[in-house]
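Input: a single structure, listed below in C-alpha cells.
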Amino acid sequence: MTDSQALVKTLDFQLNIQSDNESLLYDATLEARSAYNETIRLAKQGVDWDTIPDRVADDADLVKNTTQRVVAKALGAMENYYEYDDFDQPSHTKDGAYPLRANYEEGYNLSLTDDGDVTFRISAKPYNHVKGVLEGDDAHLDILKTALTSDEWKIGTAEALFHNDNAELHVNVTNTEQTVRDKQDSRTVVGVDVNEDNVALTALSEDGVEDTLVIDFAEIKFERHRYFTMRKRVQNAEKPSMHDTLEGREERFVRDRLHKVSRHIVEWSRQFENPCIVFEDLKEMRESIDYGTRMNRRLHHLPFRALQYYTSYKAAFEGVPTAWIEPEYTSQQCPLCGHTERANRRKKRFKCRSCQHQDHADRGASVNIAVKGIKKHQDWNVPALNSLPQVRKVSNERRSLS
Ligand SMILES: [Zn+2]
Numbered sequence: 001m002t003d004s005q006a007l008v009k010t011l012d013f014q015l016n017i018q019s020d021n022e023s024l025l026y027d028a029t030l031e032a033r034s035a036y037n038e039t040i041r042l043a044k045q046g047v048d049w050d051t052i053p054d055r056v057a058d059d060a061d062l063v064k065n066t067t068q069r070v071v072a073k074a075l076g077a078m079e080n081y082y083e084y085d086d087f088d089q090p091s092h093t094k095d096g097a098y099p100l101r102a103n104y105e106e107g108y109n110l111s112l113t114d115d116g117d118v119t120f121r122i123s124a125k126p127y128n129h130v131k132g133v134l135e136g137d138d139a140h141l142d143i144l145k146t147a148l149t150s151d152e153w154k155i156g157t158a159e160a161l162f163h164n165d166n167a168e169l170h171v172n173v174t175n176t177e178q179t180v181r182d183k184q185d186s187r188t189v190v191g192v193d194v195n196e197d198n199v200a201l202t203a204l205s206e207d208g209v210e211d212t213l214v215i216d217f218a219e220i221k222f223e224r225h226r227y228f229t230m231r232k233r234v235q236n237a238e239k240p241s242m243h244d245t246l247e248g249r250e251e252r253f254v255r256d257r258l259h260k261v262s263r264h265i266v267e268w269s270r271q272f273e274n275p276c277i278v279f280e281d282l283k284e285m286r287e288s289i290d291y292g293t294r295m296n297r298r299l300h301h302l303p304f305r306a307l308q309y310y311t312s313y314k315a316a317f318e319g320v321p322t323a324w325i326e327p328e329y330t331s332q333q334c335p336l337c338g339h340t341e342r343a344n345r346r347k348k349r350f351k352c353r354s355c356q357h358q359d360h361a362d363r364g365a366s367v368n369i370a371v372k373g374i375k376k377h378q379d380w381n382v383p384a385l386n387s388l389p390q391v392r393k394v395s396n397e398r399r400s401l402s
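Numbered per the UniProt record's numbering, the sequence shown spans residues 1 to 402.
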C-alpha cells in the first residue's frame, strides 16, 4: 500500500505578450486544432497509426514536436473512443482553438530575469516565436522560479491556450525530491471545515480526537465587506480605474491572509503521525446553499476554494496528502450520537436534540469531516467518540490564544 506519488503540479499563468504577437499565438492554436482534426480524420480512414504523426506534421504549420504532441493527444482520444465501442459515432473532431502542447526547451522556453520576472518564448510557428512575461499567482510564480534555479523541480510540457480570450500558459512541473505519501497510508485524519470567518480543524486517529483548533479570520470577512462597499461607491461615481485598483488590493489582501491560514493548517497537521488533510468537496455544497444577494455569493465564493487549494499544495510540499469527502450533513450531524437534524445547529452553536451534546458548531463539523475521511480513505476503524476536547481558538492575524 505504500504507493507514494511524485509531486506533479500544473502551474497556470497569464501570458503578457510582447507587442502584437498575440494573433500569432491564436493562429497557432487554430492550426493545432486542424492538426488534431486531421489526425482523427486519418485514423477514421483506417490509415496506419504509425504513419499519422509524419503525415500530419508535413502539412501542419507548427513546430514538429508540437504537432507530435497534438497528434498523440488526438490518437489517445481515439483509443479511448475505441475502447468505449463508439467508434462509429459521428464526428470526434472539434472547432476553435486547441491548446498548443510543447516540450520544455523544444517548443517553449522560460528564463528568469534579473528583475525577478519570468519571461517565456513559445515557438508558435516554425521560426516564429511569441515572447513576453508570465503573470499569475505568487505561489505559482514562486514554484516556477524555484524550478528555474534548482534541481528540485523539473519543468515538463506546457500548454498555451486561450481562456476567456486571455492567453495562458499551463506548465507541468515535477518535484524530483519530494513525494506525497499515499493518502490511504495515514494514521491521523485532519478534518478541515472552512467557513467565511474561520476554519475548524480536528485531528482524529484510531485512539480518538488528538486535538482540535479553530483558526479565526474574521478580519478577512470584515475587509472584504469594506472593499465591497468602497468599490460600490466608486462604481456609482463611475470611476472604473479606481474600482479595479480596489479589486486588486482586496485580492492581494485576501490572498496574503489565505496563504497564512493555509500555512497554519499544514503546520498544525504535521505534528500528528502520518496525517491526511480532508476537505469537503465544496462544488456541491455551493450549489446547495441558498444565496440571498450577489454580495453573499461573492463572499462565499472566493476563500473556500482558494484556501483549499493553497492548503493542498503546501501540504504536498511537505509530503502530506489531501483528500475530499462529500459535504452532506457535516454541519447538522451530531459527532457523538450521529443524530442529524437541521435544528441542531444555530449559527455557531450546536446542540444535539437527541443526546443534548453541545459544541462549537464548526468544530463539530470538522469532526464529522474527519470521520468521513477515515471511512472513505482508511482501512482502520473510526474510534468511538464519547466526549470531545475543549475547543481552542486562535486568531490568524495575531496568533494569540483566546
Ligand atoms: Zn447527539
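Where a beta carbon is used, it is the ideal one built from N, C-alpha and C, also for glycine.
From a predicted model like this one, the values you see are computed outputs, not experimental measurements.
Residue A315 holds the alpha-carbon nearest to the alpha-carbon of V278 among E250, R252, A315. Closest option to Y108, judged by alpha-carbon separation, among R55, I155, S366, T311: I155. Apart from the 5 residues on each side of it in sequence, R345 sits with its Cβ closer than 7 Å to the Cβ of S331, Q332, A361 in its chain, given in chain order. Going down the chain, each residue whose beta-carbon is closer than 6 Å to a heavy atom of ligand 1 shows up: C334, L336, C337, H339, C352, S354, C355, H357. Assigned with DSSP and collapsed to three states, Y98 falls in coil, not helix or strand. The C-alpha of N16 lies about 28 Å from the C-alpha of F228.
Where H264 is concerned, the enclosing alpha helix (DSSP H) starts and stops at 240–270. Taking a cut-off of 8 Å for Cβ pairs, the region 306–323 and the region 347–363 do not touch, as fewer than three such pairs fall below it. Here L30 is not bridged, per DSSP, to any residue. Using a 10 angstroms sphere on the CB of Y127, the tally of other CB atoms stays under 16, which defines it as exposed. Between the region 133–152 and the region 232–239, the count of C-beta pairs closer than 8 Å stays below three; the two stretches do not touch. Residue burial is scored here from C-beta neighbours: Q271 has fewer than 16 other C-beta atoms within 10 angstroms and is therefore classed as exposed. Secondary structure at E223: helix, using DSSP grouped into helix, strand and coil.
Per DSSP, P126 lies in no alpha helix (DSSP H) segment and is marked neither H nor E. Nearest neighbour of R252 by Cα position, chosen from V8, A139, P335, turns out to be A139. Using a Cβ distance threshold of 7 Å, V70 and A35 count as a contacting pair. Taking the Cβ atoms as the reference, G136 lies roughly 6 Å from D12, within the contact range of under 8 Å. Leaving aside the five residues that flank K260 on each side, the residues in its chain whose CB is nearer than 8 Å to its CB run, in chain order, N396. Taking A43 as the centre and dropping the five residues before and after it, the same chain places the C-beta of W49, I52, A74, L75, M78 closer than 8 Å to its C-beta, in chain order. Taking V173 as reference, the option from G364, Y313, C337 with the minimal CA-CA separation is Y313.
Restricting attention to L141, F120, T176, L25, the CA atom closest to the CA of K131 is found in F120. A residue is called buried once 16 or more other Cβ atoms fall within 10 Å of its Cβ, and A306 is buried on that count. Taking the Cα positions, T188 is about 22 Å away from N198. Under the Cβ criterion (8 Å, minimum of three pairs), the region 380–397 counts as touching the region 214–227. DSSP places Y104 in the strand class (E or B) of the three-state scheme. The secondary-structure analysis by DSSP pairs C276 across a beta bridge with V189.
For L141, the enclosing alpha helix (DSSP H) covers residues 138–149.
Rounded to the nearest whole angstrom, the CA to CA distance from R101 to D95 is 17 Å. For R263, the closest C-alpha among the options E250, H225, Y309, D244 is that of Y309.
Relative to P383, the option among H357, D58, S205, E280 whose CA is nearest is S205.
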